[in-house]
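Chemist: Protein chains in written order, with our numbering: chain A, 1 to 95; chain B, 1 to 95; chain C, 1 to 95; chain D, 1 to 95. Ideal Cβ placement from N, Cα and C applies to all residues, glycine included. Sharing a structure, written as structure tokens. Questions coming.
There are 4 protein chains.
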Amino acid sequence: MDKINQFIDERNWRRFHTEKDLALSISIEAAELLEIFQWKTSDEAKEDFEHLKEELADVLIYSYMLADKLGVDIDEIIDEKLIKNKIKYPIETNE
Amino acid sequence: MDKINQFIDERNWRRFHTEKDLALSISIEAAELLEIFQWKTSDEAKEDFEHLKEELADVLIYSYMLADKLGVDIDEIIDEKLIKNKIKYPIETNE
Amino acid sequence: MDKINQFIDERNWRRFHTEKDLALSISIEAAELLEIFQWKTSDEAKEDFEHLKEELADVLIYSYMLADKLGVDIDEIIDEKLIKNKIKYPIETNE
Amino acid sequence: MDKINQFIDERNWRRFHTEKDLALSISIEAAELLEIFQWKTSDEAKEDFEHLKEELADVLIYSYMLADKLGVDIDEIIDEKLIKNKIKYPIETNE
Numbered sequence: 001m002d003k004i005n006q007f008i009d010e011r012n013w014r015r016f017h018t019e020k021d022l023a024l025s026i027s028i029e030a031a032e033l034l035e036i037f038q039w040k041t042s043d044e045a046k047e048d049f050e051h052l053k054e055e056l057a058d059v060l061i062y063s064y065m066l067a068d069k070l071g072v073d074i075d076e077i078i079d080e081k082l083i084k085n086k087i088k089y090p091i092e093t094n095e
Numbered sequence: 001m002d003k004i005n006q007f008i009d010e011r012n013w014r015r016f017h018t019e020k021d022l023a024l025s026i027s028i029e030a031a032e033l034l035e036i037f038q039w040k041t042s043d044e045a046k047e048d049f050e051h052l053k054e055e056l057a058d059v060l061i062y063s064y065m066l067a068d069k070l071g072v073d074i075d076e077i078i079d080e081k082l083i084k085n086k087i088k089y090p091i092e093t094n095e
Numbered sequence: 001m002d003k004i005n006q007f008i009d010e011r012n013w014r015r016f017h018t019e020k021d022l023a024l025s026i027s028i029e030a031a032e033l034l035e036i037f038q039w040k041t042s043d044e045a046k047e048d049f050e051h052l053k054e055e056l057a058d059v060l061i062y063s064y065m066l067a068d069k070l071g072v073d074i075d076e077i078i079d080e081k082l083i084k085n086k087i088k089y090p091i092e093t094n095e
Numbered sequence: 001m002d003k004i005n006q007f008i009d010e011r012n013w014r015r016f017h018t019e020k021d022l023a024l025s026i027s028i029e030a031a032e033l034l035e036i037f038q039w040k041t042s043d044e045a046k047e048d049f050e051h052l053k054e055e056l057a058d059v060l061i062y063s064y065m066l067a068d069k070l071g072v073d074i075d076e077i078i079d080e081k082l083i084k085n086k087i088k089y090p091i092e093t094n095e
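As structure tokens, then:
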């Protein structure tokens, strides 16, 4: 997160970063990641491995930026969500 | 990541998780996050803070699962992407 | 389009409909359509045919609303795009 | 629709077009449309009017292709959806 923040601040980009535009950016990057799989199987898409890594990184970078902007801790919100999912999908039911 | 993997394995869900479907799931979760901002300002959306945290967590969980499936390290791919962005957007140009 | 406009005006919803929020809504509806295919083959998804029709209709309704808001004619912009694509992808190359 | 079908058949592209990949393509194009609004107001995005028209056309083209593939009539599914929405959102409640 420190490196991401430094990158943004050096470019004075923070003023553009409303929560709404960050959420929108996550969707855009997620679609760029998805585009690598368009008309392809997973195996065919993986031939473009460098591209996959870059687009996945972009999704993560914007997600971390939104978490930072909202003042929430990433590990904490994932933990909370997993606990909720455990209640929603108990082990026995298997789906 | 350990907790996420444990959650998945306990439910025997891994067989569904092709890379393509994980990429598709990231897009779907990103859109659910975006939906909280639909017809709203960022401030109005933040009134639904619990929901924001949950949907952001879902984007992160699927992103981590795809990283894990691809065998890549999250911190590493973010680092690599930031270095590329530094070359693409040098500090001087500011946009 | 007349029916869509009537539906909106009867509910006094037009004030919410900025172009940005309409574009965002198209993405959200597209993801809801995509969700029907999550962890599934096309054939499995088609078992949920009513749902498919509804979500596809939602994508179209918001797309028509954005076209209307921008003052563009749907058939015309599709025609223009197909002409551009014909130049970009000539018949001989086949991808 | 005839023009779209002719364009596809001339290029022998139909074999790639599963329903799942068409749904995925609608999401990708919707995100490309959304990208025009990234970090911008609606008015700023409209300065890129040609681009807006093109990306909206792409969403429509893939939506029509999916409708065609599913064998459903566009006007009919929109009509059906508007009737359902009228029940879901009666005029009196205004939201």
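#1: Going along the chain, which residues of the region 11-25 of chain B sit with their C-beta nearer than 7 Å to a C-beta in chain A?
#2: Within 8 Å of any Cβ in chain A, is that where the Cβ of leucine 60 of chain D sits?
#3: Name the chain D residues that come within less than 9 Å of serine 27 of chain B, Cβ to Cβ?
#4: Could you give the distance in angstroms between the alpha-carbon of glutamate 47 of chain A and the alpha-carbon of isoleucine 87 of chain A?
#5: Helix, strand or coil for glutamate 29 of chain B? Go by DSSP, reduced to three states.
#6: Contact between the region 12-32 of chain A and the region 10-29 of chain B: three or more CB pairs below 8 Å?
#7: Are the beta-carbon atoms of serine 42 of chain D and glutamate 10 of chain C separated by less than 8 Å?
#8: Just to make sure I have the definition right: I need the residues of chain A whose C-beta is within less than 8 Å of the C-beta of lysine 3 of chain B. Which are they?
#9: Please confirm if glutamate 35 of chain B has its CB atom under 8 Å from at least one CB of chain C.
#10: Based on Cα-Cα distance, which residue from D:Leu52, D:Tyr64, D:Ala57 and D:His51 lies nearest to alanine 57 of chain C?
#11: Just reading off the alpha helix (DSSP H) that isoleucine 4 of chain B is part of, what are its end residues?
#12: Quick one: does aspartate 87 of chain D have its CB under 8 Å from some CB of chain C?
#13: For glutamate 35 of chain B and glutamate 50 of chain A, I'd like the C-alpha separation in whole angstroms.
#14: If you draw a straight line from the alpha carbon of valine 59 of chain D to that of histidine 17 of chain C, how long is it in whole angstroms?
#15: Can you check whether the C-beta of leucine 6 of chain C is within less than 8 Å of a C-beta belonging to chain B?
#16: Is glutamate 47 of chain A close to chain B, meaning its C-beta is less than 8 Å from at least one C-beta of that chain?
#17: Tell me which residues share the same chain as leucine 22 of chain B and place their Cβ nearer than 8 Å to its Cβ, disregarding the 5 neighbours each side in the sequence.
#18: From isoleucine 4 of chain A to leucine 82 of chain B, what distance separates their C-alpha atoms?
#19: Return the Cβ separation of isoleucine 8 of chain B and arginine 15 of chain B in integer angstroms, given the expectation that the two are a contact with Cβ distance under 8 Å.
#20: Run the CB neighbour count on glutamate 76 of chain C, radius 10 Å, all protein chains shown included, and call it buried at 16 or more, exposed below.
#21: When we look at the beta-carbon of isoleucine 91 of chain C and count the other beta-carbons within 10 Å, is it buried (16 or more) or exposed?
#22: Going by beta carbon distance, what residues of the same chain come within less than 8 Å of glutamate 54 of chain A, once the five residues before and after it are set aside?
Modeler: Quick answer:
#1: Legend: CB atoms of the region 11-25 of chain B lying less than 7 Å from CB atoms of chain A belong to residues Arg11, Asn12, Thr18, Glu19, Lys20, Ala23 and Leu24.
#2: no
#3: Leu24, Ser27, Ile28 and Ala31
#4: 38 Å
#5: helix
#6: In the pairwise beta carbon analysis, the region 12-32 of chain A is classified as touching the region 10-29 of chain B: at least three pairs are separated by under 8 Å.
#7: no
#8: What lysine 3 of chain B touches in chain A: Ile78, Asp79 and Leu82.
#9: Under the Cβ criterion of 8 Å, glutamate 35 of chain B is counted among the residues facing chain C.
#10: D:Tyr64
#11: 2-10
#12: Looking at the sequence itself, residue 87 of chain D is isoleucine, so the reference to aspartate does not match. Cβ-Cβ to chain C under 8 Å: no for isoleucine 87 of chain D.
#13: 30 Å
#14: 19 Å
#15: Note on identity: in this sequence residue 6 of chain C is glutamine, with leucine being the wrong assignment. Closer than 8 Å: no.
#16: no
#17: Tyr62, Met65, Leu66 and Lys69
#18: 7 Å
#19: Contact doesn't hold; Cβ gap of about 10 Å is too wide.
#20: exposed
#21: exposed
#22: none
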